[in-house]
Amino acid sequence: MLLTPTDPHSQPTERCLVAVESVLGGLTSTEAERRLAQHGPNRLPKAHSRGPVRRFVAQFHNVLIYVLIAAAVVTGALQHWVDTGVILAVVLANAVIGFIQEGKAEAAMAAIRGMLAPRAAVLRDGARLSVDGADLVPGDIVLLEAGDKVPADLRVLEARGLAAQEAILTGESVPVEKTVDPVAPDAALGDRRSMLWSGTLITQGTARGLVVATGAATEIGRIGGLLAGVEQLKTPLVAQMDHFARWLSLLILLFAGLLLAYGYYVRHYEFSELFIAVVGVAVAAIPEGLPAVMTIALAIGVQAMARRNAIIRRLPAIEAIGSVSVICTDKTGTLTRNEMVVAAAETPEGVFEISGEGYAPEGEITPAGSLEDLARAAALCNDAELRLRDGHWTVEGDPMEGALLAFAGKVMKDPRTGARRLDAIPFDARHRYMAVLTEGPEGRVTSVKGAPERVLRMCRDIDLKHWHDRAEALARRGLRVLALAETTEASGKIDANSLEGQLVFLGLVGLIDPPRPEAIAAVAECRAAGIRVKMITGDHAGTAAAIAAQVGLANPGRVLTGAELDKLDDAQLALEVASVDVFARTSPEHKLRLVTALQANGLSVAMTGDGVNDAPALKRADAGIAMGLKGSEAAKEAADLVLADDNFASIAAAVREGRTVYDNLKKVISWTLPTNAGESMVVILALLAGFALPITAIQILWINLITGITLGIALAFEPTETGTMARPPRRRDASILSGELVWHVALVALLFLAAVFGIFTYAIDRGYPLELAQTMAMNTLVVLEIFHLFFIRNIHGTSLTWAAARGTKIVWAVVVAITAAQFAVTYFIPAQAILGTRAVPLWDGILIVGVGVAFFAVIEIEKQIRLGLSQ
Ligand code: ATP
C-alpha cells in the first residue's frame with residue numbers, strides 16, 4: 001500500500017495519484033528507516049577539497065618563503081651550514097604553523113556550515129513532523145511553503161499558487177509556476193511543471209510533494225553543481241592587509257637589495273656576513289605572518305559568535321556586524337518570545353478574558369459565553385498541530401496558530417472533528433489574511449483569519465468604526481489582534497475576490513506575546529553602544545508601539561505605518577527614518593526602502609528578516625540577519641548571519657563579538673608592524689652606520705622564528721575589552737592603517753632602537769665581550785616584544801588593572817614558552833654554539849627586564865595622554 005518511488009523523469013499516472021490519496025499519511029517511521037538504509041542520506045557528495053599534502057605545499061607559496069629559500073641556497077653555497085640550517089628551520093616552522101592555522105580556520109568554518117543544515121516538514125505515521133533534510137527518503141511526502149528550499153526531487157501532489165525559482169538548475173531567475181498536471185514525457189527539465197527540484201527555492205504558494213529522488217540521484221546531484229565550494233577565509237580587512245603585506249614585502253626586498261649594494265660597495269663588508277645580515281633584515285621586516293594570524297582571529301570570532309547563537313554565513317559580515325550603527329529588527333520572536341497565548345476575545349456578544357498557560361487547551365473563559373463559532377474558525381483556518389509530550393503541550397507549526405488551537409480547545413472538544421480541507425489561501429505578509437475552505441458535517445464553510453483592518457473590510461453588515469476601535473483598544477494593551485470571519489456560501493474552491501464583502505464577522509482575539517527579558521537588556525546595551533534599534537513589524541501600530549515601549553526603544557511613541565511610508569518619497573523618508581523607531585503594518589518591500597533610506601543617512605544597517613520577500617532587504621543591508629528557527633531558507637541564503645535562536649539578544653552579542661574581532665585584528669596589526677619595524681631597524685641602522693651588529697643576523701632569524709607568530713597569535717584570542725559596548729560604532733570607511741597606527745609604529749620602533757642600542761652600548765662600555773653584548777641586546781628585544789604585547793592588549797583602556805595583568809591563558813602560555821626558549825639559547829651550551837650567545841649575569845638580566853618596564857611605562861603614559869586628549 002505504500003507508494004514506491006517513481007523515476008524522476010516519468011510522469012505519474014492518474015492511478016498513481018489515487019494511490020497517493022490513499023497514503024496521504026506518509027511513510028511509517030520504520031519504513032522510512034529501511035529506505036534510509038537502502039538509499040543513503042539525502043546529501044550531495046562532498047565538494048572536492050584540497051588534500052593535506054596540497055594544502056601543505058601551498059604554504060610555500062609566499063614571498064618570504066621564496067626569500068628564505070634563496071637565502072638558504074646562497075648560504076649553502078657559501079658553506080655557512082649553521083645559517084642554512086636555521087633558515088631552513090624558519091621555512092619549515094612557517095609552513096607548519098601556516099598549515100595548522102589554516103586547517104583550524106577551515107574546520108571552524110565547516111563546523112559552522114554544518115549548523116545551518118536545512119530541515120524539512122514531512123508526513124510520517126500520519127502526522128506532520130520536522131526532520132533533518134538528510135533523513136528524507138524516496139516516498140516521503142514533504143510539505144513546502146514560500147521561502148522553503150526544496151529538499152529533494154519531488155513530484156507535486158498538491159499545489160496552491162506554487163512557483164519555484166530554479167536558477168541553480170536552469171539559469172533562469174524568473175520563478176516558474178508549478179502544478180500537479182502531468183507534462184509530456186520528453187519535456188525539458190525547465191518545463192516539467194509537475195516536478196520540484198532539489199536545491200531550488202519556493203518563491204510563493206504551498207505544496208505537497210512526493211520524494212522521488214534524494215542525494216546524488218537528484219538532478220542537482222547528477223550535474224554535481226552547487227556543491228558548497230570552500231568559502232574563502234577572507235574579509236575586506238584581511239584582503240586589504242594581504243595586499244598591503246605583499247606591497248610592503250616587495251618594497252622591503254627592494255630596500256634589502258639596495259642595502260646589500262650599499263654595504264658591499266660603499267662599506268666594503270664581507271659578502272657572506274653582509275648577505276646573511278640583509279636576509280635577517282628582510283625576514284624581520286616582512287609581515288609574513290600577518291594575514292595568517294588575522295585569519296585565525298576571524299575564525300575564533302566566528303566560533304565565539306556561533307557559541308552566542310549567531311552563525312556567520314559570509315565571513316565579511318563579521319566586520320560589518322561590528323560596525324553597525326542601526327539595527328532594524330522584527331518584533332515577533334526576536335524582541336518577543338513568540339510563545340503566544342490567547343488572552344482576550346471580543347465578539348458581538350461581549351468581551352471575554354481567557355486564562356491558561358502555554359499551549360495546553362485548558363483554561364477558563366470569563367464570563368462564560370458561546371464562543372464556539374469563533375473557536376471553530378480559529379481551529380479550521382489553521383495549519384498547526386498541538387502535541388502532548390511528557391505532560392507538556394508543544395506546537396508543531398506557527399506558534400500563533402498553536403495558541404489559537406489551544407484557545408479553541410478551551411472552548412470546545414475537538415473543534416476540527418469531521419472537517420476535511422478542500423482549499424486554502426495561505427497566509428501571505430502582503431495580504432495579511434488566511435482562508436480555508438472545509439467540508440464538515442454542517443456543509444462547506446470558508447473560515448478566514450487575519451489582520452483586523454483587512455478582514456473587517458471583507459465582512460458584511462458590521463459597524464466598521466466600532467470594531468476598528470475595539471481592535472485598537474486590544475492592540476494598545478500590547479496584544480496581537482486577529483479578526484475571524486466565515487462564509488458558508490462556498491463552491492469547491494476559494495476565489496479571493498468572491499470573499500470581499502461576503503464574510504460574516506465572528507470576533508476578535510487578542511494574543512499575548514511578551515517581550516523577551518534578555519531582549520530588553522540587549523536593547524539597552526545597544527543604545528549604550530551608540531546603536532539605534534528600530535522595530536519593523538507587520539503587526540498593528542498599537543501593538544507595535546506597546547511592545548516598543550516595553551523593550552525600551554528610544555522613541556516608541558511615534559509609529560510610521562506601511563501605508564504612510566508609501567506616501568513619502570525617498571528624500572522625505574530619509575528624513576523621517578532618523579527619528580522614527582517603530583514601523584508597523586509594513587510589508588517586506590518596505591524593508592528595502594528603509595535600509596536604503598538609512599544608508600542614505602550614512603548609517604551602517606543591520607536588518608533582520610525571515611520571509612522569502614525579505615531577501616532583497618537582507619542583501620542590501622550592511623549586515624543581513626536571518627532567523628534560524630522561523631526563517632525561510634530563502635532568507636537564510638540571502639543573509640550574512642543567521643540567528644540560531646531568533647533572539648534579539650544574539651544580535652547584540654554578535655555586535656559585541658564583531659567589535660572584539662575587529663579590535664583583535666587591529667591589535668594583531670598594531671603589534672606586528674612596530675615589532676617588525678623595530679627589529680629590522682636595529683640591523684639596518686648598524687649596517688648603515690657601520691657599527692658592529694647589536695644582534696646578529698642569525699639571532700634575528702631566531703627571534704622571528706619564536707616570536708613572530710606565537711606572540712601575535714595570542715592577540716587573536718583576546719577577550720572583549722571592558723567598555724567595548726560603551727563606545728560608539730566605528731566608522732565603516734575608517735582605514736585601519738590610520739595616522740594613529742603610523743605614529744605608534746614610529747614611536748615603538750624608535751623606543752626599540754634606543755633600548756637595544758642602549759643595552760648594547762652599556763655592555764660594550766662595561767668591557768663585556770661582543771657575544772655577551774649581543775645576547776643581552778637580543779634578550780632586550782624579546783622582553784620589549786612581550787611588554788609591547790601586554791600594552792596592545794588594551795588599546796582602549798588602561799593596561800594597569802588586575803584583569804589586564806592577569807591576561808589570558810594563551811598569553812601566559814606563549815610568554816612562558818618564549819621565556820623558556822630564551823633561557824635555553826642564553827644558558828644552554830650547545831645552543832650558545834649555534835646562535836653565538838653567552839650566559840647573561842643575573843643583574844644584567846634584571847636590568848633587561850627593567851628596560852622592558854620602562855618602555856612599557858613610556859608607551860602606557862603616551863596612550864593615557866592620547867586617550868585623555870581624544871575624550
Ligand atoms: P514581525 O515578525 O515582522 O515582527 P509579524 O510576525 O507580526 O511581524 P507578519 O507575519 O507579517 O508580521 O504578520 C502581519 C499580520 O498578519 C499580523 O499582525 C496578523 O494580523 C496577520 N497574520 C500573521 N500571521 C497570520 C496567519 N498565519 N494567519 C492569518 N493572519 C496572520
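One point on numbering: in full-length UniProt numbering, the residue at position 338 of the sequence shown is 338, and numbering is uninterrupted.
Beta carbons are placed, not taken as given, at the ideal position from N, Cα and C, and that holds for glycine.
Looking at C-alpha atoms only, which residue of Ile112, Arg593 and Leu136 is the closest neighbour of Leu123? Leu136
Report back the beta-carbon spacing between Val840 and Leu772 to the nearest angstrom; my notes put them in contact at under 8 Å. 7 Å
Leaving aside the five residues before and after Val858 along the sequence, list all residues of the same chain whose C-beta is less than 8 Å from its C-beta, in chain order. Leu751
Look up Leu371 in the DSSP assignment and say whether it is helix, strand or coil. coil
Beta-carbon contacts of Gly440 that lie in its chain and below 6 Å, excluding the five residues immediately before and after: Gly418 and Ala419
Can the beta-carbon of Gly209 be found closer than 7 Å to that of Val142? yes
Looking at the structure shown, is Ser10 part of a helix, part of a strand, or coil, going by DSSP? Unreliable positioning characterises Ser10 in this predicted model, as indicated by a pLDDT of 43, which lies under 50. A coordinate reading is not provided.
Report yes if the C-beta of Lys331 is less than 6 Å from at least one heavy atom of ligand 1; otherwise report no. yes
Following the continuous beta strand (DSSP E) through Ser130, name the residue where it begins and the one where it ends. Ala127 to Asp132
Given a cut-off of 7 Å, decide if Ala597 and Ala615 are closer than it, judged by their beta-carbon atoms. no
Measuring straight from C-alpha to C-alpha, what distance separates Ile713 and Ala379? 58 Å
Inspect the CB distances between the region 87–101 and the region 308–318 and report whether three or more fall short of 8 Å. no
What first and last residue would you give for the alpha helix (DSSP H) that runs through Trp702? Ala697 to Ile703
Beta bridge counterpart(s) of Asp153 as assigned by DSSP: Ala213
The beta strand (DSSP E) with Ala606 in it runs from where to where? Val605 to Gly609
Three-way DSSP call (helix, strand, coil) for Ile713 in this model: helix
Whole-angstrom distance between Ala548 and Arg476, CA atom to CA atom: 11 Å
If you measure from the CB of Met412, is any heavy atom of ligand 1 nearer than 6 Å? no
For the candidate residues Glu785, Phe427 and Lys410, whose alpha-carbon lies nearest to that of Gly611? Phe427
Quick one: Cα of Ala282 to Cα of Ile810, how far? 28 Å
Taking 6 Å as the limit between beta carbons, can you name the residues of its chain near Val341, skipping five residues before and five after? Ala403 and Ile512
Taking just the CA atoms, how far does Leu715 sit from Gln864? 21 Å
Please go through the same chain and pick out, in chain order, the residues whose beta-carbon is closer than 7 Å to the beta-carbon of Val551, but skip the five residues on each side of it. Leu335, Pro515, Ala519, Ile520 and Val523
Inter-residue spacing [alpha-carbon to alpha-carbon] between Thr720 and Glu319: 15 Å
Do the CB positions of Leu665 and Ala297 come within less than 7 Å of each other? yes
Please state whether the Cβ-Cβ distance between Thr608 and Asp330 is less than 7 Å. yes
Is Leu594 helix, strand or coil when you go by DSSP? helix
beta-carbon Arg476 near ligand 1 non-hydrogen atom, thresh 6 Å: no
Taking DSSP as the reference, what is the three-state secondary structure of Cys459? strand
Using 6 Å as the cut-off, classify the Cβ of Gly624 as near or not near the heavy atoms of ligand 1, replying yes or no. no
Decide if Leu867 is buried, meaning its Cβ has at least 16 other Cβ atoms within 10 Å, or exposed. exposed
Hey, would you say the C-beta of Phe427 is under 6 Å away from at least one heavy atom of ligand 1? yes
Thinking C-alpha only, which one of Trp671, Gly397 and Glu177 is nearest residue 894? Absent from the structure is residue 894, since the part of the chain shown begins at 1 and ends at 871.
Could you give the residue range of the beta strand (DSSP E) that holds Lys449? Gly443 to Gly450
Mind checking whether Thr446 and Ala408 have CB atoms under 7 Å apart? no
Pair within 7 Å by beta-carbon distance, Val156 and Ser194: yes
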